[in-house]
Amino acid sequence: MNATVFAETLRRHVTSIPYVAYLAFLAMIGLAVSKFNAVGAAWPTLVALLAIVIGAGLIGPEFSSGTLQLILAKPVNRSVYLLSRVAGVVAAVWIGAVVASSFEALGHALFGGSQQDPWRLLGAALLNSAASAVLTCSLLAFLGSITRSYINVAIYMVLQIGLGTVMGILGLIRGMRGALSRFLTDNTWIERGLATIDRNLFPEVVPRLDRDWLLLVLSNAAIALVLACLAFRRREVPYGAD
Amino acid sequence: MARTEWFDRHGQRSIPITLLVIAVVLLAARIGSSTYARPEATTGLVRWVSPEAAMDIVRTSPKPVLFNFTAEWCEPCHQMDQEVFADRAIADDINRRFIPVRVIDRMREEGKNSQLVAELERVYSVRGFPTIVIAEASGEKGRMEGYGGRQRFAQMLEQAR
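Going line by line, the protein sequences match chains G and F. Add 8 to the 1-based position in the first sequence for the numbering used here, that's all there is to it. Add 21 to the 1-based position in the second sequence for the numbering used here, that's all there is to it.
Spelled out as structure tokens, the structure:
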């Protein structure tokens, strides 16, 4: 880990006005959902969105702007550089998760809320949200290391929305009568396979402590980071901007 | 590029060995965890029986049956497991008064349910998860669709007395 790259990445985010405004929004949402029946509602989705938005610019735009060429002219290890960038972005997302969960906790403490003992579930939601952010940023880092500009987030969104849509359509077809329905019923591996890919790449944040879920998310994140480093170390860095 | 450059810590293109080790350890832990998963860890303190086993028990027991229609992917069901069925007082009450039957829907994972599960879902008109049905020979004594918190569940149990 390179402390300078990490600190600079983090500074770039925490000093931007949209980021600070989003943190304020997360704080308000956290406070508002403390009156809900379920603990850890809504804000994990917003934290996931934050991870996608700031993870989009993790490495790709530096290819396009030519900044990366300048940085890698120095004796900087490519993997260390990439991982430090990922760590900086993840830290910025974690700040968002901590703010949202802290304000929800404050809401429970001040207003009571409908839950008798929300602390354990809230802690689990924070932990899971943080783990999910690591996976999102790792996937975006991998996609960013094999593409350029913001193409990583385009692929990410197409995959996420596409998988959900295809699974929904297949479910509808299976519910109807006809040859296609019979085919899907006889070949359940198609839907199972898509569900497995979806569960591994885009796991839904759960408001409970689940060791298996955490291991799934973190192991996939680690694999994505290894692949990102392997791709990035071989990557040609062109001169100049696009 | 020479292979030795992969492991040269000072090289610009060396691979991150520590990260590689972490990935392997996490993957091994994940495989190990799923291999040695403890099913009782997710089902709380209630002594659930399978629908198949319940068919034999109901013939000899006068107790009403408490059906818990659930699914692996159903998040409110897991929340209910943690908040209701892991509650010692509620679990003891259920174990004492009912034959608790856990009916797990596998439609989303496997594309179909066993004949018994499909029949139970049809008979008790299960439209979503979780659905709790308290049934005895004369008919339904209580029903809760969706999870509305521990309080609502406790009320339903009370009304079924």
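For each residue, glycine too, the CB sits at the ideal point set by N, CA and C.
- Contact between the segment 193–209 of chain G and the segment 137–154 of chain F is absent: fewer than three C-beta pairs spanning the two stretches fall below 8 angstroms.
- Look at A92/F here: in three-state DSSP terms it is strand.
- Across the structure, S54/F and D220/G are spaced so that their CA atoms are roughly 7 angstroms apart.
- At least 8 angstroms separates the CB of D206/G from every CB of chain F.
- Secondary structure note for R200/G: its alpha helix (DSSP H) is the uninterrupted segment W197 to L209.
- Below 8 angstroms, too few C-beta pairs join the segment 154–171 of chain G and the segment 95–109 of chain F to call them touching: fewer than three.
- The residue among V106/G, G115/G and S140/G with its C-alpha nearest the C-alpha of G63/G is S140/G.
- Beta-bridge annotation (DSSP): R164/F is paired with V154/F.
- By the neighbour-count criterion, in which 16 or more other beta carbons inside 10 Å mark a residue as buried, S87/G falls on the buried side.
- The Cβ atoms of W102/G and A138/G sit closer than 8 angstroms to each other.
- Closer than 8 angstroms to the CB of L40/F there is at least one CB belonging to chain G.
- In the displayed model, P83/F falls within coil according to three-state DSSP, outside both helix and strand.
- Listed along chain F, the residues sitting closer than 9 angstroms to C237/G by beta-carbon distance are I36, P37, L40 and L41.
- Around the beta-carbon of L188/G, fewer than 16 other beta-carbon atoms lie within 10 Å, marking it exposed.
- Per DSSP, V147/F lies in no alpha helix (DSSP H) and is assigned neither H nor E.
- Our two residues, G68/G and S227/G, have alpha carbons roughly 24 angstroms apart in a direct line.
- The shortest C-alpha to C-alpha distance from K162/F to any of L87/F, A74/F and G132/F is the one to L87/F.
- Taking 8 angstroms as the cut-off, the beta carbon of V67/F is found closer than this to the beta carbon of P121/F.
- When C-alpha distances from I115/F are compared across L137/F, V42/F, I155/F and N134/F, the shortest belongs to I155/F.
- The beta carbon of S92/G sits closer than 6 angstroms to those of M9, N10, V13 and F14, all from its chain and outside the five residues before and after it, given in chain order.
- For E199/G, the chain F residues whose Cβ falls inside 7 angstroms of its Cβ are G132, in order along the chain.
- In the three-state DSSP reduction, R117/F falls in the helix class (H, G or I).
- In the three-state reduction of the DSSP assignment, D126/F falls in the strand class, which pools E and B.
- Listed by position along chain F, the residues whose Cβ is nearer than 7 angstroms to that of V142/G form an empty set, because the closest Cβ is around 11 angstroms away.
- In terms of beta-carbon proximity, S146/G stays away from the interface with chain F, with every pair separated by 8 angstroms or more.
- Only residues of its own chain outside the window of five on either side were considered, and among them V124, D126, L141, E142, Y145, V147, F150, P151, T152, I153 and V154 have a CB closer than 8 angstroms to the CB of F90/F, listed in chain order.
- Cβ atoms of A35/G and A133/G stay farther apart than 8 angstroms, at about 15 angstroms.
- Around G152/G, the same chain offers L66, I67, G68 and N160 as residues with beta carbons nearer than 6 angstroms, after the five sequence neighbours per side are excluded.
- Annotation for Y158/G: no alpha helix (DSSP H) segment contains it, and DSSP assigns it neither H nor E.
- At least one CB atom of chain F sits nearer than 8 angstroms to the CB of L233/G.
- When secondary structure is reduced to three states using DSSP, V105/F falls in the helix class.
- Of the residues E244/G, F33/G, L238/G and I231/G, the one whose Cα lies closest to the Cα of L47/F is I231/G.
- Counting only Cβ-Cβ distances below 8 angstroms, S227/G has contacts in chain F at A44, L47, L48, A50 and R51, in chain order.
- Per DSSP, G74/G lies in no alpha helix (DSSP H) and is assigned neither H nor E.
- Here DSSP, grouped into helix, strand and coil, assigns V70/F to strand.
- Within the segment 77–108 of chain F, those residues whose Cβ lies closer than 7 angstroms to any Cβ of chain G are, in chain order, E96, H99, Q100 and Q103.
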